[in-house]
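My numbering applies: residue 914 is where the sequence shown begins, and numbers increase by one. Take a look at the structure below.
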Amino acid sequence: MLDIFKYDLAIIGGGPAGLSAAVYAARGGMKTIVFEKSLVGGQIVVTAEVENYPGIPENLSGFEIAERFRQHAVKFGAEIRDEEVRAVGMEGLCKIVETDKQSYRAKSLIIATGAHPRKLQVPGEAKYTGRGVSYCATCDGALYRDKIVAVVGGGDSAVEEAIFLTKFAKKVYIIHRRDQLRAVKMIQERALKNKKIEIIWDSVVQGIEGGDLVEKLFLFNHKEQVISELQVDGIFIYVGIIPNNELVESRVNLDGQGFILTDETMHTNVPGIYAAGDITHKALRQVITAAADGATAAFSAEKWIEENRDNF
Ligand code: NAP
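If you want it as structure tokens, here you go:
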């Protein structure tokens, strides 16, 4: 039968999930293309050190790990294009990927578009973004040498990045809305032992003020019902992530927060469309689980194409 499809597999997103899928698919002989609109690596490129990816005990930076993933995918013949995907369509079983440059046809598709940081949505946040408000300690931490900063959130990202910021800042406040951190115990213990870190419990940021740059935060302690001011030079916001689902939100089933629902083969509800990594509904968001999702999705896509070879 004449094969009218240019690619067996199109992957949207060049983070650990998308690139692992590319490694497995290309190594398995599938003609594979990956679209990444910005830096290959996804959210991991802004992680200072990755210390829990098995087999790499030497704490490489997220950027270095992402580059290894990229090289590995390219080694097996995956094409990586820095094009922004604008739309995803279907013609029968065929998937159409429209980028800012052209259209591509593929038999199967993996959505690995990840997530982006949630905003606090308080007065001053937008005004001071880039002038004291940051969502990336790895990018901006060095600007706060011997200064005072606050980190908002109680999850792995907030606590890990607070520890990282103590390399530069003389004082790091963690502002958390509850009286218990969500981050894993080992990281919590490290933060609690760090003399530069002070945790402000049961409190939320209500506003950010300053002159040209951030100078102070307004905090509300909801247990004591007290509003206070905190002098800081910078505020790093780590209050969770929002899935990058715009391309497929009307097409695939999502959970209540917008993460894509898949079965255990990473298949969505649409034939031949898979999802992998942080964009999916899952219990644990890590490089290793993203990589595992990518491998599973590529394997499943290959099987699905084989099962449907007479239907294209
Ligand atoms: P997260 O686990 O969802 O934590 C978000 C934190 O922000 C929570 O402590 C939450 O408080 C707080 N929060 C949410 N909305 C808030 C608001 N409006 N005001 C104040 N606080 C708010 O998000 P994350 O830390 O970015 O992590 C995302 C995922 O990546 C997680 O699955 C995480 O495990 C993973 N991750 C893993 C690593 C690692 O293993 N090395 C590193 C980074 C991230 P509550 O606790 O009260 O809900």
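We put the beta carbon where it would ideally sit given N, CA and C, even for glycine. From a predicted model like this one, the values you see are computed outputs, not experimental measurements.
Q. Thinking C-alpha only, which one of E949, G1054 and M1003 is nearest E992?
A. The residue among E949, G1054 and M1003 with its C-alpha nearest the C-alpha of E992 is E949.
Q: Answer yes or no: do I1192 and A1025 have a C-beta to C-beta separation smaller than 8 Å?
A: Going by C-beta atoms, I1192 is nearer than 8 Å to A1025.
Q. At a cut-off of 7 Å, is V1046 close to ligand 1 when judged by its beta-carbon and the heavy atoms of the ligand?
A. Flag unset: Cβ of V1046 not near ligand 1.
Q | Run of the alpha helix (DSSP H) containing L922, from where it starts to where it stops | A | Looking at the DSSP string, L922 is not in any alpha helix (DSSP H); the run it does join, the beta strand (DSSP E), is Y920 to I925.
Q) Since E962 sits in a beta bridge, which residues does DSSP pair it with? A) Paired residue(s): none; E962 is not in a bridge.
Q: Sort I1218, S1047 and I1110 by Cα distance to L1126 and report the nearest one.
A: Measuring from the Cα of L1126, the nearest candidate turns out to be S1047.
Q.
Using a Cβ-Cβ cutoff of less than 7 Å, which residues in the same chain neighbour L915 once the five nearest sequence positions on both sides are dropped?
A. Low local confidence applies: a pLDDT of 43 at L915 is under 50, so the model's placement there is unreliable, with the coordinate-based value given in what follows. Taken in chain order, the list of residues that qualify is empty.
Q: My understanding is that A934 touches I924, with C-beta atoms under 8 Å, so please give their C-beta distance in whole angstroms.
A: Yes, A934 and I924 are in contact; Cβ-Cβ is about 5 Å, under 8 Å.
Q) Among all the DSSP beta bridges, which residues are the ones paired with R994? A) Under DSSP, R994 takes part in a beta bridge, and its partners are F948.
**Q.** the segment 1108 to 1119 / the segment 1081 to 1092 touching (three or more Cβ pairs under 8 Å)
**A.** At 8 Å Cβ cutoff, the stretches touch.
Q: Could you please give the first and the last residue of the uninterrupted beta strand (DSSP E) stretch that includes Q984?
A: Here Q984 belongs to no beta strand (DSSP E); instead the alpha helix (DSSP H) covers G975 to K988.
Q: Flag this pair as yes or no: are the beta carbons of L1006 and N1221 separated by less than 8 Å?
A: Contact: yes.
**Q.** Nearest neighbour of A1050, chosen from A1071, I1100 and L1143 [CA to CA]
**A.** Distances from the alpha-carbon of A1050 to those of A1071, I1100 and L1143 put A1071 closest.
(Q) Here's the rule I'm using: 16 or more other beta-carbon atoms within 10 Å means buried, otherwise exposed. How should A1203 be labelled? (A) Around the beta carbon of A1203, 16 or more other beta carbons lie within 10 angstroms, which makes this residue buried.
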